[in-house]
Each structure stands twice: as C-alpha cells, then as structure tokens.
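Start counting at 1 in the sequence shown, then tack on 15, and there's your number in the numbering used here.
Note that CB positions come from ideal geometry on N, CA and C, so glycine has one too.
Fair warning: this is a prediction, and the values are worked out from it, not measured in the lab.
So the structure is just underneath, and the comments pick up after that.
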Amino acid sequence: MTVFVLGCIGNGDSVSRASDVGVVVTEFMFDTSAVYHNEDINLRLVLENQGQKQVTGDTSVFIYGQTVSINDKHWSVIENSLSLEPKTSTSDMSSITLEGAWKIPNDEFLPPQPDMGMPGGVATLDVTLTAPELEEGESTPYTFYTRVCYPYKTSMLSTITSSSKEEMRIQQSSSAVENVNTAGPIHINLGGQASIVARGSTIPVVFKITDVGGGFSTTTDIVCESTPDSMDRNKVNISIEVEGIVLDGTSHELYGDTITTDCTKVVKLVNGQAEMRCSIPIDRNQPTREYHIRAIAEYKYYVSSDTKITVDYISE
C-alpha cells in the first residue's frame, strides 16, 4: 500500500525492503511426467511460509481439477496412502476423492529466521494415485490443481516530519519518504517528501494498496473455499496507526486533543491496486515533529499451482 502526502513536492519514490510472498507452494508434482494406465504414482505437495510474519489462522489447502473416485475410469487413491505433515493438521479432505480442505494450524507456519539460518514453517502432503483405465491406443494429458488460502497480516512503517514554514526554510530537506514493508503479498508505501509544511491539525494522505503476490485476496471474514465468489475477491481490510493509536473512529487523546478519526476500511483492488484517502492528525503545538505512521493490511490470500501428467495405454 502506498501513501502519498498531498501538496508535497516530489516524485513519490519509495524504498522497499520486502519480498512479495507469504506462504508459497514450493513443490507440487508427480514422480514422473508420464505413467501407464492403471499404474500407481505419487503426488507430492510442499508448502512453506517465506514471509516475515506468522500465519494468523488455519491455512486451508485444496486439490481439484480431476474426478477422483473408486471407478476404474477415474483417478483413484490407494487406500491409506494420504499422508499429511505436520501431524497436528486437521483434514476434511476425503481419502477417497480428495475433496474438501486440508487445514494446517498457524503455529506450524512460523516465519523464517534468516539470522539463525532457520527456514519458515513447512507442511507436506503425499498421496499415491492410480491412473485411470484407457482404451487401446489412447494417450491422455491430465492437469491437477492446488489452491492454498491462508490468513495473513502485513504492515508498512514510515516516518514523516512536519515543520512550520519558518522551520522548513531552515531545514531545506527534500528526501523522499522511506517505506519499510514486512514481507508478504500485499504491500504498502508512503509517497511524497519525508518533510512537509504543517498546515492545520491534519495531513491529508492517500494510501495505495498493491497486490504483488501473484494471487488474490479476500477479507478476513470470508471462509476459505477452493473457488471463492468473484464478488469477494481482491479485497483487503486496512487500518492505520499513528504513534501506536489505531484510527478506528473511537475517541482517543492525542497531542492534547480528542480525535475520532476513522481510517479503517475494506478496499477493493482493481488490476492489483487500490487507494484509500484519510487525514492524519498532527501536533499543532510543536515547530517540528516526527510522526510514525503504520499502515496494516489484513486479509486471506490465495495462491495456486498446477501439475501435469500424461497417461498412456499399454497392453497387458
């Protein structure tokens, strides 16, 4: 999310120190790219939290795209072959059809600790499938899909300085605002100059939210599904903090004043971007003051992957 300070001179460049991922599919594949009909083959799925924050709730995993049943003409699951790690997982996923969700608890998806050489939390699914029966001479490609839905929270912290016109003439600062984003698929930035002239009791700003993760988001109240409703997609819950106070419309004492500013909103992203306008309260009683602004995005994020395999007929 990018924040532009209105009325400031500057190109709005931002400094990003974050990656664009949270939970990622690091592996989703069969043992081989081709198999004979009625032959067994293993399918493996590996997930890893590569973001900077712990997943905030259960991660839901879906596998779909093909009919899986006990019918010889369909893909089928070898009995007792579905294996899930960690063992604390819960699963509504059928061991016969693979329908339903595999759910991974958030305490298993801790973020990585690069300074200690520790990767993020990992979860794996292994299952052995039997390829469908074909007719003589047939060769058929199949594609399996997986979709992962995880609740996440990312944030941006920026510092701007407001000064009176007299102080600004002395300082003559023109550096751009530096944005520090936590790693995740939704980014936040604050554009404009790091130093601004104070006018009145608020600063009008524009928050720009950007989806950089290659998937899509929903708000936190939407239940994870393999195919969420199109009206629920590309939405994010946004909140703003100033000096640690959430601007949520409730009454707060700040800088000697009572404020009721509300900067919480659900935004809809179009082509991966959205804007939200708000006015940030400032201290009118100091000639120069720093303001630490934190913008928080909360959402459920979906990432997908697919794997292909060809089934060939072979005479018995």
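Under the three-state DSSP convention, the category residue i falls into
i	result
ASN300	coil
MET246	helix
ASN86	coil
PRO166	strand
MET44	strand
PRO129	helix
ASN204	strand
TYR316	strand
C-beta atoms of residue i and residue j nearer than 8 Å
i	j	result
SER91	THR145	yes
VAL12	TYR328	Outside the shown range of the chain (16 to 331) lies residue 12, about which nothing can therefore be said.
SER75	LYS102	no
PRO200	ASP87	no
ILE255	LEU269	no
GLN69	PHE124	yes
PHE43	SER320	yes
ASP55	THR169	no
PRO296	THR176	no
MET12	LEU205	Outside the displayed span of the chain (16 to 331) sits residue 12, for which this structure offers no information.
ASP141	ASN57	yes
PRO156	LYS323	yes
THR139	LEU60	yes
Those residues which DSSP pairs with residue i across a bridge
i	result
HIS267	ILE274
CYS293	VAL220
ASN64	VAL38
TYR160	TYR79 and ASP321
ILE260	VAL257
Supposed contact pair residue j and residue i - C-beta distance, whole angstroms, cut 8 Å
i	j	result
THR174	HIS202	Rounded, the Cβ-Cβ distance is 18 Å, inconsistent with contact.
ALA310	PHE222	6 Å
VAL137	THR112	About 26 Å separates the two Cβ atoms, so there is no contact after all.
THR265	LYS250	That belief does not hold up - the Cβ atoms of THR265 and LYS250 are roughly 23 Å apart, past 8 Å.
Cβ neighbour criterion (16 or more within 10 Å) applied to residue i
i	result
VAL220	buried
TYR165	buried
ASP236	exposed
GLU94	exposed
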